[in-house]
Amino acid sequence: MGKVEEKTGQIIDLASKLRWQVGDDFHDKLTESIYADAAVISSRVESTRDRKANYTFDRALDRILTSRTFGFPIMILILSVILWITIQGANYPSGMLSVLLLETIYPFLKQVSASVGLIWWIDGFLLDGVYLALAWVIAVMLPPMAIFFPLFTLLEDFGYLPRVAFNLDTLFKRSGAHGKQALTMTMGWGCNAAGVVSTRIIDSPRERLIAIITNNFSLCNGRWPTQILIATIFIGALVPNGFTGLTASASVIGIAILGVFFTFLSSWLLSKTLLKGEVSSFTLELPPYRPPRFWKTIYTSIIDRTLIVLWRAMVFAAPAGAVIWLVSNVDIGGDSIADHAIFYLNDFGLLVGLNGVILLAYIVAIPANEIVIPTILMLTVANLNMIGVGAGEGVMFELDSSMETGAILKAGGWTLLTGINLMLFSLLHNPCSTTLYTIFMETKSARWTAVSAVLPLIFGFVVTFLVAQIWRIIAGI
Amino acid sequence: MAPDPIISLVYFVVIVLAIILIWRLQKSTRFLQTSQQIRKTLVEDILKQLYHVEYSGRSASLNAMAGALKLSIKKLLRLIEFMTDRNLMRFDQNTLQLTDSGRDYALKIIRVHRLYEKYLSEKTGFDKSEWHDRAELKEHTLTADQTDELYQVLGNPRFDPHGDPIPTASGEILQPKWQPLSSLKENITARIVHIEDEPDVIYRQIIDKKLHIGSQVKMVAADENHIRFYSEGNEYEFSPIVASNVSVEELTEKESFEENMVRLSALAPGERARVLGISSECRGMNRRRLLDLGFTNGSEIEAEFDSPMKEPKAYTIRNTLIALRGDQADLILIKKVL
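The listed protein sequences correspond, in order, to chains A and B.
Using the numbering used here, count along the first sequence one by one with no gaps and you end on 478.
Using the numbering used here, count along the second sequence one by one with no gaps and you end on 333.
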């Protein structure tokens, strides 16, 4: 043993002596020699066809797609078309799914449970709570994702998306972020959880964290319907009938753009404070263009992105449905838990221009933004003991016309301010639990997950608070 | 109903101000420090300052020391008494002198400072203008074990990112053979080996000019008012005071001065070049990433096209199109191929 230790000691001594001789740049020399060896080996075995034609075509396309004149218009055009196809195209399958899951299967299940004489609270807990929440999430979430992600992946496969990052990098660099964040941000418009997963394309640790934490400011497809509904009811009503749709769309786009603004603002704040010391390195490869592999892309984007995200959302939505049903049906001292909670949250809610119902809805609907509006409606009706509307205590519902929805909300004390602040708060609040879970899985850090949850919440309360106070001061005069 | 908006706003402003105040307080160095910790910091600062003064061959007077450390004479005298009691320094005829144990102590602090700067440059993303201040705080709190661990993790470095030698654990320190840039004769070629990071104002002036450690320089003209020299395709003009904070080492016979060495950022679209290497200012993960992509001596590179907002620029290297930002292209050294 003694001899081995002696020899080891000698080797270590020799190594530390040699270390002083090799100099600081021995890593460079090592890489150089690896490249030199690789070049020798590949020149022996590699036979290259003439790629000149491809190369010239690529450069010509690059000149157009990254040109000063056409670069940005082409980018905006492609993105608008994708979003338009997604929103318009998702309406039909969403409608069909909701007819199937909510209007056919749900009554059928209720009937079955009634005929076998299921105890009322098991029936309510499972069907009105768990099943309804699941059905809602699937109907609202699945179609847009199944359209958006394949389209996006096709563009990626073609090689266009890295050029978008290339075009926009300067904008992101100013706020301490990476150009590729443009892609993860866009992906977030489909679904924040998928957006967070897609930040894997950013290989620099600091910029990746920035992209993860700020992804929530991309208005995801679970929030678009809320935005459109509230904008139609409250903002669309301000203008003559013919302009309702246009005004509502414009204000939703305004909210989405506000989200982009907050993305830049918080990227900048984070890179100047919390994330200052994280390592940052920029690399962006612009791969050659190639015809997208259509079926492979469709398959992988449906399996890898859509179904995984949908599965996670369902795992979280089911217990949320149960909680929603329970808070409305478990009574303490004659009032349901929901009524108590609304009572306590109401003062703070009013202070920031919202109300107790909205805050409670956002707490119990953390798992999925899709069920916020049904939850708000249910809670409002139950809280006011309205008769003849809704589907019963703890049963989420939606109405076909925005007029009727508006009537319920106005009966719940909503004003134009509440509507605007709900739109703002829908943009600026904690990510849904699916996204939070994904953030934790990607960063493996409770700290960054907490930052991602708290930062938008602070923004949300500050913004709604300020809007409410300024609104009241102006209205008071 | 909703509370009075104006009163609410007043509360809001008060809360925001309170948060800012707490943030500021927490950042200040002496927040929640015991008087013993404060004294330790001061003692170590005095030792370090004294070491630097003695190292540069001057002698330290009481007044100069008080001025350099922004301490009152009275307070300084109390600290000196404390330190002479512990045999860290001597004080006679108005000059302060380090004892042997004081010098060892000072070298330990300097070791921690320079190691920590090395750590900041290699393993974190802090800007180089922040390294010094952060190391100033850390040098008083790191234990001997932590320092040794840092030394191991960094791969036993010899120099800090400014080019200063790092003392070994046993207190040995390399004596570098530098000369100030201002003393270089015309047409003599040299390499930048050290950029002094104090005072901060001058250091910032130098790094704003994007002058890098490890760069080759060639003196063009030097007189009492201006120092003009050439480096990596650019001509620089410094005042003698600024130039004296940059130290150089003349090139040996083995190293040749690359007359046409320029930075990659100078390559216009359509031009081709051969990579000579990566500047030693490019460190840590950034350096490894560029090496992995093939930015090594001898690689051929061609500038292709710019982004609509000018940055980044796309280059073809080893049959791959890679986009680089301007500050990265500044750190890659090339020779144009015509």
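Where a beta carbon is used, it is the ideal one built from N, C-alpha and C, also for glycine.
Backbone secondary structure at residue i - three-state DSSP
i          : result
Arg53(B)   : coil
Met214(B)  : strand
His341(A)  : helix
Asp159(B)  : coil
Ile333(A)  : strand
Gly150(B)  : coil
Asp204(A)  : coil
Asp(-1)(B) : coil
His189(B)  : strand
Ile120(A)  : coil
Gly272(B)  : strand
Gln228(A)  : helix
Met397(A)  : coil
Close-in-space but distant-in-sequence residues of the same chain around residue i (CB under 6 Å, 5 per side omitted)
i         : result
Arg224(A) : Asn370 and Ser427
Met214(B) : Leu179, Glu181, Ile183 and Phe224
Leu299(A) : First, the residue type needs correcting, since residue 299(A) is Ile and not Leu in the sequence shown. So the qualifying residues of the chain are Pro151.
Leu155(A) : Pro293 and Thr298
Ala178(A) : Glu208, Ile211 and Ser268
Neighbourhood of residue i by C-beta, 8 Å cutoff - its chain only, sequence neighbours within 5 removed
i         : result
Gly130(A) : Gly322, Ala323, Val324, Ile325, Trp326, Leu327 and Gly395
Leu417(A) : Phe235, Ile236 and Leu239
Ser234(B) : Asn220, His221 and Ile222
Arg71(A)  : The question names Arg, but residue 71(A) is Phe in the sequence shown. Hits under 8 Å: Ile65.
Tyr132(A) : Tyr107, Leu110 and Gly322
Per-residue burial, residue i [other beta carbons within 10 Å of its own, 16 or more giving buried]
i         : result
Phe27(A)  : exposed
Gln470(A) : buried
Glu250(B) : exposed
Glu6(A)   : exposed
Glu76(B)  : exposed
Thr291(B) : buried
Arg109(B) : buried
Asp128(B) : exposed
Gln228(A) : buried
Lys445(A) : exposed
Tyr146(B) : buried
Lys273(A) : exposed
Gly3(A)   : exposed
Glu193(B) : exposed
Ile270(B) : Rather than Ile, the amino acid found at residue 270(B) in this sequence is Val. Buried: at least 16 other Cβ atoms inside 10 Å.
Asp218(B) : exposed
Distance between residue j and residue i (C-alpha atoms, nearest Å)
i         : j         : result
Pro289(A) : Arg313(B) : 13 Å
Asn240(B) : Glu49(B)  : 18 Å
Thr187(A) : Thr200(A) : 11 Å
Val353(A) : Ile474(A) : 13 Å
Ser260(B) : Ile148(A) : 42 Å
Gln398(B) : Arg153(B) : Here chain B covers residues -4 to 333 and nothing more, so residue 398(B) does not appear.
Phe252(B) : Gln200(B) : 26 Å
Gly278(A) : Ala238(B) : 30 Å
Phe67(A)  : Ser302(B) : First, the amino acid is wrong: residue 67(A) is Thr here, not Phe. Those two C-alpha atoms are separated by around 6 Å.
Leu206(B) : Asn193(A) : 43 Å
Asp340(A) : Ala454(A) : 26 Å
Asp87(B)  : Arg73(B)  : 15 Å
Val243(B) : Glu254(B) : 18 Å
Asn58(B)  : Leu71(B)  : 10 Å
Ile440(A) : Gly160(A) : 27 Å
Pro320(A) : Ala140(A) : 17 Å
Tyr114(B) : Glu167(B) : 20 Å
Trp18(B)  : Gln182(A) : 30 Å
Asn168(A) : Leu184(A) : 12 Å
Phe460(A) : Leu135(A) : 30 Å
Spatial neighbours of residue i in its chain, beta-carbon cut-off 7 Å, leaving aside the 5 residues before and after
i         : result
Tyr100(B) : Leu42 and Leu83
Asp124(A) : Ser114
Tyr363(A) : Val373 and His430
The segment 241 to 268 of chain B: which residues have C-beta closer than 9 Å to a C-beta of chain A, in chain order? none
Of the residues that make up the segment 155 to 170 of chain A, which ones have a beta carbon closer than 7 Å to any beta carbon in chain B? Phe167, Asn168 and Asp170
Any C-beta of chain B within less than 7 Å: which residues of the segment 258 to 290 of chain A qualify? Lys277, Gly278, Glu279, Val280, Ser281, Ser282, Phe283, Thr284, Leu285, Glu286 and Leu287
Which residues, taken in chain order from the segment 448 to 473 of chain A, show a beta carbon closer than 7 Å to some beta carbon of chain B? Phe466, Gln470 and Arg473
Short-range partners of chain B found in the segment 62 to 75 of chain A, where Cβ spacing is below 8 Å: Asp63, Arg64, Thr67, Ser68, Arg69, Gly72 and Phe73
Name, going along the chain, the residues of the segment 296 to 319 of chain A whose beta-carbon falls closer than 9 Å to a beta-carbon of chain B. none
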